[in-house]
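These notes are about the structure you will find just below.
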Amino acid sequence: MYRYRYNLLLFLVCLSSGTLLAQSGVEPAPDFLRSIGKIYVVVAVIVVVFVGLAVYLWRLDRRLTSIENQIEDHA
């Protein structure tokens, strides 16, 4: 019974907090960054991070493949 009440209370708190945050009069961050031209810097940093991560994973995969081939040759 307590678990049911706890879940109901948690649901109501989550529901009410969403409406409180929706009434904020603050300008959203993407609009602010776009207005001063900094959104392109943010996008560029995100792209650089993802490209770097992709290159790292690609090189790691190549290394692991070569190690697997060496193990198969010796076995």
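Using mature numbering (1 follows the signal peptide of the UniProt record, and there is no 0), the letters of the sequence shown map in sequence onto residues -22 to -1, 1 to 53. Just so it is clear, CB atoms sit at the ideal spot from N, CA and C, and this is done for glycine as well.
Beta-carbon gap between residue i and residue j smaller than 8 Å
{"i": "P6", "j": "I17", "result": "no"}
{"i": "V20", "j": "L11", "result": "yes"}
As assigned by DSSP and simplified to three states, the class of residue i
{"i": "P6", "result": "coil"}
{"i": "A53", "result": "coil"}
{"i": "G15", "result": "coil"}
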